[in-house]
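Per our numbering, the sequence shown starts with residue 57, numbered consecutively.
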Amino acid sequence: MDDEKVSLDETPHVDRLKVHLKRVASLPSLTAEEEIQLVKKWHEAQDERARQKILERHQRLVLKVAQGYKGYGLPIGDLVSEGNIGMMQALAKFDVSKGFRFSTYALWWIKASIKDFVMRNWSLVRIGTTTNQKKLFFKVRSLMETFERQGMNLSHEEIAQKVADHLQVPLDEVLDMILRLQGQDSSLNAPLNTSEEGSEWLDWIADDENHAQKVAHEHEIRKQKKFLSDALSGLNQREHQIITWRRLLEPPLTLDDCGEKLELSKERVRQIEASAFEKLQKSMRQHAHDEFNRRRSYSL
């Protein structure tokens with residue numbers, strides 16, 4: 057069964073996923089020598105069976121990483137598929153002469169690919185793309201929970217300050233990200249609290265923000281700007297103006313300010329903003345979905 061495709065359908069049936077999980081869990085790991093021989097067969101002779109065996113025998117690693125991101129409300133099958141894309145990219149670049157095991161090298165590519173997918177499928181307008189914003193997006197929740205569990209009777213603001221000190225980012229950026237995450241897109245229905253199992257997976261995986269940034273940062277920003285630009289082009293002039301004032305300016309204009317400029321009531325501005333933002337969400341999710349399928353088709 058080594059030559060079976062390791063990817064899952066975009067929206068896999070629950071039974072299919074369960075069968076896949078059970079099967080890969082029963083497969084033995086490759087020895088170092090087996091791994092070297094298979095990598096050489098793939099790199100030197102494009103042996104497809106060798107490639108599939110490498111990918112299949114490392115599915116447990118992909119599943120483990122994907123499990124850590126299930127708290128963001130995305131289908132586990134999609135996370136696994138995206139992790140497989142990262143693993144394939146790692147295999148293409150892996151150099152056996154360096155002396156590392158493939159799992160060690162592939163871990164960062166798997167994480168970077170899944171993180172990129174999570175970022176694309178959350179609200180691109182709300183979350184942002186700076187290094188600090190990306191760091192906060194993936195760390196603020198678990199750190200808040202950790203400090204709260206310590207039972208130090210700290211206020212919400214004091215806990216936020218501890219998070220800021222720990223991550224070495226400004227307090228106002230921590231507070232801003234907390235508000236953004238608490239105001240997550242209801243249409244995505246992405247819960248912030250992960251299960252105990254998910255937290256254990258994240259604790260198990262070492263983090264290297266510099267490496268993840270090097271792998272995905274510039275490419276991610278270009279894609280997100282393109283997604284946002286395309287989405288904004290679908291709005292009418294008034295919607296575009298209100299979204300720009302309310303969502304893209306720093307600091308944003310108030311509803312009263314927008315209403316005064318457009319000679320509209322505060323409530324009417326709020327209604328237009330809500331409708332326009334819903335259009336943006338729909339458009340950006342479609343772009344992200346199309347990009348996800350394009351990458352899968354290219355890599356698989």
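Think of the CB as a built atom: it goes at the ideal place given N, C-alpha and C, for glycine as much as any other residue. Fair warning: this is a prediction, and the values are worked out from it, not measured in the lab.
Between which residues of its own chain and residue i is the CB-CB distance below 7 Å, once the five residues before and five after are set aside?
i	result
I298	C314, V325, I328, E329, A332
M143	L111, H114, V118, A162, W165, I166
S85	R113
D103	K97
Tell me whether residue i is buried or exposed, calling it buried when 16 or more other Cβ atoms sit within 10 Å of its Cβ.
i	result
V75	exposed
E138	buried
Q342	exposed
R107	buried
R302	buried
S169	buried
Q123	buried
A81	exposed
A88	exposed
K109	buried
Q293	exposed
A287	buried
E60	Caution applies to E60, whose pLDDT of 41 falls short of 50 and renders its modelled position unreliable; the model cannot decide the point.
R72	exposed
Using a threshold of 8 Å, state whether the C-beta atoms of residue i and residue j are closer than that.
i	j	result
L291	K335	yes
F194	K218	no
V230	K191	no
K126	L135	yes
F158	V95	yes
L284	M200	no
E147	N177	Checking the sequence shown, residue 147 turns out to be Leu, not Glu. Against a cut-off of 8 Å, the Cβ pair of N177 and L147 comes out as no contact.
V152	I234	no
Y128	V196	no
Are any of the Cβ atoms in chain B nearer than 8 Å to that of residue i?
i	result
L291	Structure shown: chain B not included; a single protein chain is present.
Between which residues of its own chain and residue i is the CB-CB distance below 6 Å, once the five residues before and five after are set aside?
i	result
D312	K322
L227	Q217, A220
E252	Any reading at E252 is ruled out, since the residue's pLDDT is 37, under 50, leaving its predicted position unreliable.
Please return the same chain residues whose Cβ sits closer than 8 Å to the Cβ of residue i, not counting the five positions on each side in sequence.
i	result
C308	In the sequence as displayed, the identity of residue 308 is Pro instead of Cys. Cβ neighbours of P308 beyond the five flanking positions: W301, R302.
L132	For the record, residue 132 in the displayed sequence is Ile; it is not Leu. Correct list, in chain order: L73, A122, Q123, K126.
Return the chain-ordered ranges of every alpha helix (DSSP H) run that is complete within the region 86-139 and spans a minimum of 4 residues. Within the region 86-139, the complete alpha helix (DSSP H) runs of at least 4 residues are 88-101, 104-113, 115-123.
Please list the segments of the alpha helix (DSSP H) lying wholly inside the region 301-351, counting only runs of 4 or more residues, in order along the chain. Correct list: 311-318.
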